[in-house]
Amino acid sequence: MARRDTFSLTPSHYGGTRRSLCGTFDSNCIWLLRQSKCTPVLELDPNLFIFLGDNIYADIKQPNKMVGRERTVGPFKNIPRFWAVSPEELKLKYDLLKHGQPGYVALRKKTQIVGTWDDHDYGLNDAGKEYEGKDASQQLMLDFLDEAPDSQRRKQQGVYAAYTYGPVGKKVKVILLDTRYHRDPLRSDGTMLGETQWRWFEHELQNSDAQIHIIGSSIQVVSNFSAMSQPFFSMESWGMFPSERSRLYAVLRDTNTSGVLFISGDVHFGEISRFDCGLTYPVYDITSSGLTEAVEEKYAFPFSIALALGGWVLPQTMRVHNSRCTTNTCVYGHANFGTFEIDWDANPVIIDANVRDIHGNPVLGETIKLSELQPGYFKSQAVRGRHVKRHCTLESELPWYRKYILAITFIGTLTVSVGTLLMLLVLIAVRLTRRTVRSLTFKED
């Protein structure tokens, strides 16, 4: 995921006489695309396209092996599953996307593109501040995004940036965070953004005159799976850094920021989440991931069935369920991208957020009133006798038997399967023994 210097779009960029600002976003794109992959995005004619990371896959993935001498996945892995590539190879991959993919070339000609990075375009899976190639990766990503040679983003440590769109009274500020360059090791509960980026973030909010703030994070802020996926695999999110997530909410409260909507990626599926106990109004996180790396297309049968069942079995404390879901779980595991459209002429102003399939059809969606994203909203509703808080239980706060239901189900199923197999082997052994005894007895007679 990426960041940039703050600037304003001209009225023509903003859409001229259009009533609304339409933005599209996506993450986890290998981008060896046919034209058709970009067609639904192009047909929406967005004002803006936001990369939320994994824009290319710069690292090399080893085969998945859970057993054997070289184990790359699972709780007993002993070698890395990913290896970094050289800056030269990284540049080649960026150039292939930028100049060699017809769909993306067409998108560049038609739409403004901004972005941030995640781990795979940063240089290495799950990497943080320890990654030695991060400075070279930063310059290559900024080259890819056509960042000006004198841009502040080329001088700072990290690719965070902010942009302001629209006229007075109808301004949208897009803030893109860097969750890689300064991030401490996973589960250390250290820093995610680093002090310099935190100060920058607070300054951007304090000096904002925007009515809506779209905050892009490469990983989920409001997550459902990061705690429950343990110990089998790691699903990164702000939930792995609870102190940093608390600080994120605190900064938004202290700066009295209104109209916050998070957009995120990374997880290889789409979902809409909501948390009601971080601010004094609902916090929404619209996750899109991704156009080419969706989980139900990446993993073949029967793993796709297991993944779908997992989405149904696991607790869903913060996932938004409504009539616009096209799946029973309100998780979409096929190729997808996200959109948000702001209708300034509606009364009240609305933000229509959607996760769309590869044909551009909405598969998940939520219409959010801007009047609900105002500091003190919950208190005002309580005064009116309306109790609208519904999503306040963090996944890490669930009882152990619910939080680790995935592990319990897996171990229980494995135990029953192994037990059943052993019983069958015992029965077979008993039968063979009886036959042998009978045969010997018959011979003696």
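Okay, so the sequence shown: first residue is -6 according to the working numbering, each after it adds one.
Where a beta carbon is used, it is the ideal one built from N, C-alpha and C, also for glycine.
Determine the burial state of residue i: buried for a count of at least 16 other Cβ atoms within 10 Å of its Cβ, exposed for fewer.
i, result
"L45", "buried"
"R246", "exposed"
"P68", "exposed"
"N118", "buried"
"Q204", "buried"
"K382", "exposed"
"R27", "Because R27 sits at a pLDDT of 42, beneath the cut-off of 50, its placement in the model cannot be relied upon, and the following sentence gives the value as read from the coordinates. It is exposed - the Cβ of R27 has fewer than 16 other Cβ atoms within 10 Å."
"G358", "buried"
"M416", "exposed"
"T429", "exposed"
"Q190", "buried"
"V409", "exposed"
"W24", "A caution first: W24 carries a pLDDT of 43, below 50, which makes its placement in the model unreliable, though a value can still be read off. Its Cβ being crowded by 16 or more others within 10 Å, W24 is buried."
"G283", "buried"
"H261", "buried"
"V165", "buried"
From the DSSP secondary-structure annotation, give me the bridge partner or partners of residue i.
i, result
"N329", "D350"
"P56", "For P56, which the question treats as bridged, DSSP gives no partner whatsoever."
"I212", "Beta-bridge pairing links I212 to no other residue."
"K362", "I343"
"R317", "Bridge partners of R317: none, in fact."
"V430", "DSSP output for V430 lists no bridge partner at all."
"F69", "According to DSSP, F69 bridges with nothing at all."
"L357", "V348"
What whole-angstrom Cβ distance do residue i and residue j have, given they're in contact under 8 angstroms?
i, j, result
"F268", "H113", "F268 to H113, Cβ: 27 angstroms. No contact."
"K103", "L35", "6 angstroms"
"K163", "W393", "About 48 angstroms; that fails the 8 angstroms criterion."
"R180", "M233", "6 angstroms"
So which of the options has the shortest CA-CA distance to residue i?
i, options, result
"G271", "D345, Q309 and V215", "V215"
"E388", "P56, S230 and A77", "S230"
"D139", "Y87, T413 and T189", "Y87"
"G353", "F18, M59 and L37", "L37"
"D182", "G263, S20 and P235", "P235"
"V342", "T360, Q149 and R349", "T360"
"P56", "T65, W76, L433 and G126", "T65"
"V78", "E125, L100, I106 and A99", "E125"
"G121", "R173, Q145 and F330", "R173"
"P80", "L100, N40, G93 and D52", "D52"
"I43", "T109, A328 and S316", "T109"
"T17", "D128, E390, P355 and L418", "P355"
Terminal residues of the continuous beta strand (DSSP E) containing residue i?
i, result
"K166", "V165 to L169"
"R267", "E264 to F268"
"V244", "Careful: V244 lies outside any beta strand (DSSP E), inside the alpha helix (DSSP H) at P235 to D247."
"D278", "V276 to T280"
"Y441", "Residue 441 is absent from the model: the chain starts at -6 and stops at 438."
"T109", "Q105 to T109"
"L387", "Where L387 is concerned, there is no enclosing beta strand (DSSP E), given that its DSSP letter is neither H nor E."
"I43", "L41 to L45"
Residue range of the alpha helix (DSSP H) that residue i falls in?
i, result
"V288", "V288 to K291"
"G93", "P80 to G93"
"L254", "Note, L254: premise wrong, no alpha helix (DSSP H); beta strand (DSSP E) at V253 to S257."
"L198", "E188 to Q199"
"L133", "K127 to F137"
"R395", "W393 to K396"
"D507", "This structure cannot speak to residue 507, because the chain is shown only from -6 to 438."
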